[in-house]
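Here's the structure we're looking at; comments come further down.
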Amino acid sequence: MAQTQRASNEPGMRLNHQKAPGTGTLLSWEEIRREPSVFDDRCTRTTLRGRTMDAGTGNSVGAVRRSKEDRKVLRKQLKASHTLLKHEGIRTTPQPTKTLVVANGGLGNGVSREELSAALGEMGELETLIMHPHKPYAFVTYRSEESARKAHVRLNGEKLECRESSVTLYLSYVNSVTCEEEVSVPLPDGLVLVEDFVSQEEEAVLLAAIDWSSTNDDFTAKKALKHRKVKHYGFEFRYDNNNVDKDKPLAAGIPQECLPFLERCVKNKHIDILPDQLTVNQYESGQGIPPHVDTHSAFEDTILSLSLGAMTVMEFRHPDGRLVAVVLPGRSLLVMKGESRYLWTHGITARKFDTVPARGPQSPARTAPDLSACSNLTLSKRDTRTSLTFRKIRHEPCGCAFPSACDSQVAPLAPPPPSPPSLPCCHADAALLEEEYVHRVYDAIASHFSSTRHSPWPRVCHFLSTLPAGAVLADVGCGNGKYLGVNPEVMAVGCDRSSALVHICAQRGFQAFVSDALRVPLRTASCDACISIAVIHHFSTQERRRAAVRELVRLLKPGGRALIYVWAFEQEYKKQRSKYLKEHPEKHSPTEDAQTGSSQEAHGESSIHTSRRLEDLQDATESKLSVHTNRTAFNTQDLLVPWHLKEGKKQVDEESREGERKDETKEKSQKTNTGFGSGLDTSAKPSASGDTTPTCGSALKSESEISAAPVFHRYYHVFQQGELEQLCGQEAGVTLQSSYHDQGNWCVILEKALGTDL
Amino acid sequence: MKLLTHNMLTSHVKGVVKGYPLLIKATEVKVNEVDFNPQFVSRMIPKLEWSALVQAADELGQREDLPGELVPEYENNEEFLKKVHRVLLEVEVIEGVLQCPESGREFPISRGIPNMLLNDDEV
Numbered sequence: 001m002a003q004t005q006r007a008s009n010e011p012g013m014r015l016n017h018q019k020a021p022g023t024g025t026l027l028s029w030e031e032i033r034r035e036p037s038v039f040d041d042r043c044t045r046t047t048l049r050g051r052t053m054d055a056g057t058g059n060s061v062g063a064v065r066r067s068k069e070d071r072k073v074l075r076k077q078l079k080a081s082h083t084l085l086k087h088e089g090i091r092t093t094p095q096p097t098k099t100l101v102v103a104n105g106g107l108g109n110g111v112s113r114e115e116l117s118a119a120l121g122e123m124g125e126l127e128t129l130i131m132h133p134h135k136p137y138a139f140v141t142y143r144s145e146e147s148a149r150k151a152h153v154r155l156n157g158e159k160l161e162c163r164e165s166s167v168t169l170y171l172s173y174v175n176s177v178t179c180e181e182e183v184s185v186p187l188p189d190g191l192v193l194v195e196d197f198v199s200q201e202e203e204a205v206l207l208a209a210i211d212w213s214s215t216n217d218d219f220t221a222k223k224a225l226k227h228r229k230v231k232h233y234g235f236e237f238r239y240d241n242n243n244v245d246k247d248k249p250l251a252a253g254i255p256q257e258c259l260p261f262l263e264r265c266v267k268n269k270h271i272d273i274l275p276d277q278l279t280v281n282q283y284e285s286g287q288g289i290p291p292h293v294d295t296h297s298a299f300e301d302t303i304l305s306l307s308l309g310a311m312t313v314m315e316f317r318h319p320d321g322r323l324v325a326v327v328l329p330g331r332s333l334l335v336m337k338g339e340s341r342y343l344w345t346h347g348i349t350a351r352k353f354d355t356v357p358a359r360g361p362q363s364p365a366r367t368a369p370d371l372s373a374c375s376n377l378t379l380s381k382r383d384t385r386t387s388l389t390f391r392k393i394r395h396e397p398c399g400c401a402f403p404s405a406c407d408s409q410v411a412p413l414a415p416p417p418p419s420p421p422s423l424p425c426c427h428a429d430a431a432l433l434e435e436e437y438v439h440r441v442y443d444a445i446a447s448h449f450s451s452t453r454h455s456p457w458p459r460v461c462h463f464l465s466t467l468p469a470g471a472v473l474a475d476v477g478c479g480n481g482k483y484l485g486v487n488p489e490v491m492a493v494g495c496d497r498s499s500a501l502v503h504i505c506a507q508r509g510f511q512a513f514v515s516d517a518l519r520v521p522l523r524t525a526s527c528d529a530c531i532s533i534a535v536i537h538h539f540s541t542q543e544r545r546r547a548a549v550r551e552l553v554r555l556l557k558p559g560g561r562a563l564i565y566v567w568a569f570e571q572e573y574k575k576q577r578s579k580y581l582k583e584h585p586e587k588h589s590p591t592e593d594a595q596t597g598s599s600q601e602a603h604g605e606s607s608i609h610t611s612r613r614l615e616d617l618q619d620a621t622e623s624k625l626s627v628h629t630n631r632t633a634f635n636t637q638d639l640l641v642p643w644h645l646k647e648g649k650k651q652v653d654e655e656s657r658e659g660e661r662k663d664e665t666k667e668k669s670q671k672t673n674t675g676f677g678s679g680l681d682t683s684a685k686p687s688a689s690g691d692t693t694p695t696c697g698s699a700l701k702s703e704s705e706i707s708a709a710p711v712f713h714r715y716y717h718v719f720q721q722g723e724l725e726q727l728c729g730q731e732a733g734v735t736l737q738s739s740y741h742d743q744g745n746w747c748v749i750l751e752k753a754l755g756t757d758l
Numbered sequence: 001m002k003l004l005t006h007n008m009l010t011s012h013v014k015g016v017v018k019g020y021p022l023l024i025k026a027t028e029v030k031v032n033e034v035d036f037n038p039q040f041v042s043r044m045i046p047k048l049e050w051s052a053l054v055q056a057a058d059e060l061g062q063r064e065d066l067p068g069e070l071v072p073e074y075e076n077n078e079e080f081l082k083k084v085h086r087v088l089l090e091v092e093v094i095e096g097v098l099q100c101p102e103s104g105r106e107f108p109i110s111r112g113i114p115n116m117l118l119n120d121d122e123v
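Chains as they are written, first to last, in full-length UniProt numbering: chain A, 1 to 758; chain B, 1 to 123.
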């Protein structure tokens with residue numbers, strides 16, 4: 001029951017259809033309702049109200065006359081406002097103030113402080129400019145409200161050409177600046193950063209000691225990895241099994257030139273024992289290394305990393321989702337021990353620019369190593385950095401206090417998946433198939449799945465908006481509750497088979513329970529309306545699909561309506577390819593797999609992915625279920641669709657990735673969102689580096705070149721044209737109100753006959 | 001689980017005829033503050049099984065002075081609507097069970113969510 005929990009002050013909404021003097025067209029509620037684009041993110045009336053009031057020029061509510069271009073900008077601005085509210089908790093206001101939020105003008109968009117400051121400064125004197133790291137917006141406060149108004153009028157919808165990218169800015173007034181990350185986050189446990197550990201002379205000596213040109217593999221094991229350059233001394237670290245060949249030491253031990261440095265480490269009590277393995281990594285601008293934990297069983301606790309050359313930003317991630325970004329200046333020593341070495345992953349996102357504290361009178365003289373404490377930030381161009389990582393080979397199994405990340409202590413990887421299933425012929429088999437290939441999968445991928453399901457579909461919203469106030473709505477197969485809050489005037493209750501997804505609904509303040517769609521524990525004829533969006537195609541026999549429809553019909557009151565969406569076999573309809581197909585499937589290569597890493601989406605929503613065609617799973621006999629290749633047309637109705645799980649990251653929106661396609665693959669996943677104008681990107685965080693060679697000792701075993709993300713398979717029966725209609729036609733007491741194709745789905749609206757007795 | 005939701009839920013165990021209303025045995029109940037929307041409450045009332053609501057509120061010890069019968073002309077009776085609003089939308093069962101009145105089968109409520117899944121043999 002979403003709507004009463006929101007702070008709504010008006011029970012209903014009434015539009016004043018006043019004409020402002022001199023204006024022409026009115027936009028009535030009906031007109032607006034017909035226009036799906038108005039129902040952007042939430043399809044709520046707040047958006048609508050915001051739109052009409054946010055004309056920005058003081059027009060009276062309900063009266064808007066705009067050119068097409070203006071309307072487009074206005075729409076995008078509102079969409080941006082809405083996304084800001086929904087995902088960042090930033091509340092915009094139509095009333096002019098001195099402070100504006102500049103959507104798409106953030107560090108997360110590749111916009112530097114200098115560039116934005118210059119553009120904004122033209123409108124008037126700036127008081128403050130706040131740019132939080134990784135965020136797709138900035139806050140600007142002008143000395144005067146007049147300057148803010150000027151900026152709002154002149155810059156809204158304008159393109160800003162930056163070094164890194166070109167963005168379209170959308171400005172809205174705010175009453176207060178949200179400062180999420182004012183509190184300084186402590187460094188991970190066991191992590192110590194010592195700046196100026198070596199002098200410039202020492203740095204030069206060390207860099208010279210590394211001979212990259214040597215091709216003599218007897219002495220060193222120089223590997224031409226796809227991106228950064230790597231060289232090993234003492235023992236070779238192998239990227240194919242993420243471990244060290246302890247019985248085969250390299251001819252070349254740690255260079256003599258490193259001894260003074262090591263002695264200093266001992267003297268300063270960073271280590272007790274001298275390391276016997278050295279890995280040198282050289283990163284050019286745009287290169288990085290994906291997040292990983294150094295293999296427990298290969299190396300002892302303390303790991304020393306000396307940064308030479310340019311500064312960089314290293315990101316530490318805790319399994320619980322915490323992220324700490326640490327600036328590593330040149331000539332600094334990083335000591336990783338304990339939790340920071342055994343549990344947190346560390347990585348360097350492949351980028352050309354890092355967000356670092358800005359120099360200048362406003363920044364403190366000694367900035368905290370972690371970026372969260374700073375709001376005065378800017379971009380720093382990367383340069384060549386060489387890291388020397390010293391480790392001690394471990395000869396006994398690791399007995400650390402972090403077994404979850406420990407390869408000595410955890411069981412080896414689960415056995416490979418069982419042989420592919422066949423189409424079931426009875427309920428029991430069907431239930432088992434669905435348990436394995438639907439329910440278990442959704443429970444496992446719930447939060448990732450939920451993060452990719454953030455935009456309600458306009459036509460579903462439209463259906464919901466036509467329901468009368470006070471209607472009882474059941475969303476059977478509600479997933480993450482995407483539709484439960486769309487129409488705040490109805491009493492919406494959701495149910496889903498996945499407990500994990502239902503919990504997400506509860507977190508969002510909706511009423512939901514766990515149940516099967518074939519046996520919904522609601523009273524017969526208790527609902528004014530039902531929706532079943534992308535659910536019935538998970539049932540593996542026609543009988544069960546019919547039963548699902550029957551259950552929906554049972555729930556309806558006479559005169560009530562149900563909306564059903566299922567995935568269509570025909571992804572191209574009336575010469576229009578669905579969004580699911582629109583992205584061309586990439587030529588699959590293992591490294592690209594690692595680069596994109598994002599999961600595919602059914603139904604043409606955000607994010608792209610390619611999957612491997614697992615030839616060995618495709619069977620000649622018809623009854624075996626084949627694995628589908630994402631983003632391609634379907635060639636069979638019953639299939640398994642891969643889902644590549646990505647941990648804890650929100651997906652970069654499909655549209656924003658289009659610009660990345662041409663880039664070098666290694667850059668692709670590093671480009672942050674292009675912001676609000678182009679799509680509903682909810683995250684400005686750069687995704688994990690797509691670099692190919694994790695030195696990860698974690699349970700995700702993989703070949704060195706291939707992404708370590710686990711793959712799940714979901715069962716689908718995709719419907720042919722007319723099939724859904726026919727299925728519903730078999731039910732007594734319902735009539736087909738409407739039937740259509742919507743972005744790769746077949747859809748029907750059913751109405752329960754009046755005077756029906758079920 | 002709010003009582004508005006409870007009012008709609010029923011036991012669907014195989015063979016059960018009188019599975020409604022489900023009995024509530026709560027070990028943790030919360031009362032939230034929810035914006036009062038008189039029109040919304042007023043519209044919900046005709047969709048409710050009033051006696052089931054009263055019974056549920058009783059079981060939770062949250063009935064207060066909610067009348068056993070619907071008062072006439074409640075649409076404009078703000079005081080009454082507020083009482084209804086409270087039991088319907090503000091009272092929430094966080095932990096407990098829902099019990100089928102006929103078969104005794106218990107459905108757990110955990111972190112506010114009822115799990116109504118039946119085992120294969122109950123379907």
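Every residue, glycine too, gets a C-beta built ideally from N, C-alpha and C. Just so you know, these numbers come straight off a predicted model, no measurement behind them.
Does residue i pass the burial test, meaning 16 or more other C-beta atoms within 10 Å, or should it be called exposed?
i, result
"Tyr233/A", "buried"
"Val97/B", "buried"
"Leu84/A", "buried"
"Thr524/A", "exposed"
"Asn119/B", "exposed"
"Thr378/A", "buried"
Establish whether the CB of residue i and some CB of chain B are separated by less than 8 Å.
i, result
"Leu754/A", "no"
"Met491/A", "yes"
"Asp516/A", "yes"
"Leu552/A", "no"
"Pro521/A", "yes"
"Gly347/A", "no"
"Glu30/A", "Bear in mind that a pLDDT of 43 at Glu30/A, under 50, signals an unreliable position, so the model cannot answer this."
"Gly470/A", "yes"
"Phe513/A", "yes"
"Ala80/A", "no"
Based on Cα-Cα distance, which residue from the options lies nearest to residue i?
i, options, result
"Val441/A", "Val748/A, Tyr740/A, Ser67/A and Tyr716/A", "Tyr716/A"
"Ala512/A", "Asn119/B, Val93/B and Ala52/B", "Val93/B"
"Thr99/A", "Ala529/A, Glu114/A, His82/A and Met123/A", "Met123/A"
"Asn241/A", "Val266/A, Ser578/A and His296/A", "His296/A"
"Leu467/A", "Gly494/A, Ile531/A and Ala430/A", "Ile531/A"
"Val87/B", "Val16/B, Thr27/B and Val34/B", "Val34/B"
"Ser172/A", "Thr541/A, Pro188/A, Val140/A and Ala517/A", "Val140/A"
"Ile504/A", "Pro403/A, His448/A and Ser540/A", "His448/A"
"His318/A", "Ile90/A, Trp457/A and Ala405/A", "Ala405/A"
Pop quiz: residue i and residue j are said to be a contact at Cβ under 8 Å. What is the actual Cβ separation, rounded to whole angstroms?
i, j, result
"Ser380/A", "Met311/A", "7 Å"
"Ile348/A", "Tyr283/A", "7 Å"
"Thr452/A", "Leu107/A", "24 Å between Cβ atoms; not a contact."
Does residue i have its Cβ less than 8 Å from a Cβ in chain A?
i, result
"Leu70/B", "no"
"Pro101/B", "no"
"Tyr20/B", "yes"
"Lys47/B", "yes"
"Leu117/B", "yes"
Within 8 Å of any Cβ in chain C, is that where the Cβ of residue i sits?
i, result
"Val502/A", "The question asks about chain C, but that chain is absent: this structure's protein chains are A and B."
**Asked** Are there three or more Cβ pairs, one per stretch, closer than 8 Å when the region 738 to 753 of chain A is compared with the region 69 to 89 of chain B?
**Response** no
**Message:** Closer than 8 Å is the cut-off here; do at least three beta carbon pairs connect the region 276 to 286 of chain A with the region 250 to 263 of chain A?
**Reply:** yes
**Three or more C-beta pairs below 8 Å linking the region 388 to 407 of chain A and the region 286 to 306 of chain A** = yes
**Request:** Report yes or no: do the region 334 to 347 of chain A and the region 286 to 294 of chain A share at least 3 C-beta pairs separated by less than 8 Å?
**Result:** yes
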